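Participant: First the structure, then my questions, so here it is.
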Amino acid sequence: VGYWAAQREDGGTGSTTVSSGEAPASFKRDPGTVAAVAAKALPSVVTIQAKSGGSQGEGGTGTGFVYDQEGHIVTNNHVVASAADGGTLSVTFSDGKSYDAEVVGRAEGYDVAVLKLKNAPKNLQPLPLGDSDKVAVGDSTIAIGAPFGLSNTVTTGIISAKNRPVASGDGSGGSNSYMSALQTDASINPGNSGGPLLDASGAVIGINSAIQSTSGGFGQTQAGSIGLGFAIPVNQAKNVAQQLIKTGKPVYPVIGATVNMNDEGEGAEIAARGTGGASSVTPNGPAAKAGLKPGDVITAFGGHQIDSGPTLISEIWTHKPGDSVEITYERDGKPATTTVVLGERTGDS
Numbered sequence: 010v011g012y013w014a015a016q017r018e019d020g021g022t023g024s025t026t027v028s029s030g031e032a033p034a035s036f037k038r039d040p041g042t043v044a045a046v047a048a049k050a051l052p053s054v055v056t057i058q059a060k061s062g063g064s065q066g067e068g069g070t071g072t073g074f075v076y077d078q079e080g081h082i083v084t085n086n087h088v089v090a091s092a093a094d095g096g097t098l099s100v101t102f103s104d105g106k107s108y109d110a111e112v113v114g115r116a117e118g119y120d121v122a123v124l125k126l127k128n129a130p131k132n133l134q135p136l137p138l139g140d141s142d143k144v145a146v147g148d149s150t151i152a153i154g155a156p157f158g159l160s161n162t163v164t165t166g167i168i169s170a171k172n173r174p175v176a177s178g179d180g181s182g183g184s185n186s187y188m189s190a191l192q193t194d195a196s197i198n199p200g201n202s203g204g205p206l207l208d209a210s211g212a213v214i215g216i217n218s219a220i221q222s223t224s225g226g227f228g229q230t231q232a233g234s235i236g237l238g239f240a241i242p243v244n245q246a247k248n249v250a251q252q253l254i255k256t257g258k259p260v261y262p263v264i265g266a267t268v269n270m271n272d273e274g275e276g277a278e279i280a281a282r283g284t285g286g287a288s289s290v291t292p293n294g295p296a297a298k299a300g301l302k303p304g305d306v307i308t309a310f311g312g313h314q315i316d317s318g319p320t321l322i323s324e325i326w327t328h329k330p331g332d333s334v335e336i337t338y339e340r341d342g343k344p345a346t347t348t349v350v351l352g353e354r355t356g357d358s
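Taking the numbering used here, the leading residue of the sequence shown gets 10, the next gets one more, and so forth.
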């Protein structure tokens, strides 16, 4: 398990090339084939055009999928962030029909957003959701999206790894979202963000969110896939989407401690001081009640090895507030264990 700093961005071109996602009857394939899965899923996958509210109208292209029959679309936060404040969102289906959409809620930390179609059609077909906890390394994967604006693109691969800690920027130079990701070698490129990662049955097991690139960024070079793609596990994304639909705001589990974010390899060290010089361990918070102190180095969380602060956050966020989780830590070089009951934080601010 290692800490990955993944790059990601939207399509950047602001244009979309739509291809038909419907196969003629004479080309129908047997159930279970990639062609059959794609033909069934494509009508439920959308290409998203986001434009900011500024005079330049900057934005880009991403992907999403139908979550329910009420017209909710699930995608990545970084796909729609530029249009969240006064911008516009257009959603195009595989048949070429487009609809305006509005943001229901965004979770920057989880990199999940929910949109709702305006004047949604009555024949929406939500994609079935799988169980990402049951995914195994080597399982087949199918990714659908709009790489470089080429909508309805289908690529295949396998699950290369699970519980891969990934910290990704939002396209503006930040690194403010963390995930314990599914890693796949299915080709994922700028514009695939927010699209579904399917299993062999056609069920969503993840939301394509980030790639590792040989380039320092996408920019004008539009760097692409090198076979290292990362998806938010659908079990986590589903919980976040439900919360956003219900309240419009995300809820994050927390341990009530500030950890150093630049340490790698030996664990997540609780900082000497918190933000603004405050205590790094919240008084009467979850960590304090579990007996943790500044300087403690957390090396395992819920049975998963921790090698850095970002890895710890990605693991914490796979849980829910109120969960009891065993922590292994070192104090003065001596190992110890304790159990923390996770607290909660509402919103991204």
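All C-beta atoms, glycine included, are put in the ideal place defined by N, C-alpha and C. In this text, all values refer to a predicted model and were calculated from it rather than measured experimentally.
#1: Buried or exposed: where does Pro40 fall if 16 or more other Cβ atoms within 10 Å of its Cβ makes it buried?
#2: Hey, how far is the Cα of Val121 from the Cα of Val83?
#3: Within 10 angstroms of its Cβ, does Glu335 collect 16 or more other Cβ (buried), or is it exposed?
#4: To the nearest angstrom, report how far apart Gly331 and Pro295 are at their CA atoms.
#5: Going by beta-carbon coordinates alone, are Thr193 and Ser169 separated by less than 8 Å?
#6: Ala361 and Ala129 look like a contact to me (Cβ under 8 Å); what is the Cβ gap, rounded to whole Å?
#7: Could you work out which residue in Gly203, Tyr76, Asn132 is closest to Tyr119 when comparing CA atoms only?
#8: Between the alpha carbons of Pro242 and Thr101, how many angstroms are there, rounded?
#9: Measuring only the C-alpha atoms, how far is Ala32 from Ala195?
#10: Please state whether DSSP places Arg136 in a helix, a strand or coil.
#11: Could you tell me which of Asn85, Val350, Lys127 sits nearest to Gly154, measuring between CA atoms?
#12: Measuring only the C-alpha atoms, how far is Gly286 from Thr267?
#13: Relative to the C-alpha of Thr70, which candidate in Glu79, Val89, Val54 has its C-alpha closest?
#14: Rounded to the nearest angstrom, how far is the Cβ of Ile279 from that of Val290, given a contact under 8 Å?
#15: Ser149 to Asp77, Cα distance in whole Å?
#16: Leaving out five residues before and five after Thr347 in sequence, what residues of the same chain have Cβ atoms less than 6 Å from its Cβ?
#17: Distance, Cα to Cα, Ser141 vs Tyr108?
Facilitator: Looking at the atomic coordinates:
#1: In the sequence shown, the residue the question calls residue 40 occupies position 31. The residue in question, Pro40, is exposed, as its Cβ has fewer than 16 Cβ neighbours within 10 Å.
#2: As a working mapping, residue 121 is identified with position 112 in the sequence shown. As a working mapping, residue 83 is identified with position 74 in the sequence shown. Near 7 Å, if we compare the C-alpha coordinates of Val83 and Val121.
#3: Looking up residue 335 in the sequence shown gives position 326. By the 10 Å Cβ count, Glu335 comes out exposed.
#4: Stepping through the sequence shown from its first residue, residue 331 is reached at position 322. Stepping through the sequence shown from its first residue, residue 295 is reached at position 286. Near 10 Å, if we compare the C-alpha coordinates of Pro295 and Gly331.
#5: In the sequence shown, the residue the question calls residue 193 occupies position 184. In the sequence shown, the residue the question calls residue 169 occupies position 160. Yes, the Cβ-Cβ distance between Thr193 and Ser169 is below 8 Å.
#6: Any property of residue 361 remains undetermined from this structure, which presents the chain solely from 10 to 358.
#7: Residue 119 sits at position 110 when you count from the first residue of the sequence shown. Minimum Cα distance to Tyr119 is reached at Gly203.
#8: The count along the sequence shown starts at 1 and reaches residue 242 at position 233. The count along the sequence shown starts at 1 and reaches residue 101 at position 92. Using only the alpha carbons, I get a separation of about 25 Å.
#9: Position 23 of the sequence shown, counting from 1, holds the residue named residue 32. Position 186 of the sequence shown, counting from 1, holds the residue named residue 195. Interpretation of Ala32 is limited by its pLDDT of 48, a score under 50 that renders its predicted location unreliable; no figure is taken from the coordinates.
#10: Counting from one through the sequence shown, the residue named residue 136 turns up at place 127. Position check: residue 136 holds Leu in this sequence, whereas Arg was assumed. Three-state result, Leu136: coil.
#11: Indexing the sequence shown from 1 puts residue 154 at position 145. Answer by Cα proximity: Asn85.
#12: Taking the first residue of the sequence shown as position 1, residue 286 is located at position 277. Taking the first residue of the sequence shown as position 1, residue 267 is located at position 258. Roughly 11 Å between the two C-alpha positions.
#13: Here residue 70 refers to the residue found at position 61 of the sequence shown. Cα-wise, what sits closest to Thr70 is Val89.
#14: To locate residue 279, count along the sequence shown from 1; it is residue 270. To locate residue 290, count along the sequence shown from 1; it is residue 281. The Cβ separation is near 7 Å, so the contact holds.
#15: Taking the sequence shown and counting its residues from 1, one reaches residue 149 at position 140. Taking the sequence shown and counting its residues from 1, one reaches residue 77 at position 68. Distance between the alpha carbons of Ser149 and Asp77: 25 Å.
#16: Translated into the one-based positions of the sequence shown, residue 347 becomes position 338. Excluding positions up to five away in sequence, the list reads Ala299, Gly300, Ile336.
#17: Start at 1 with the first residue of the sequence shown, and residue 141 comes out as number 132. Start at 1 with the first residue of the sequence shown, and residue 108 comes out as number 99. About 30 Å.
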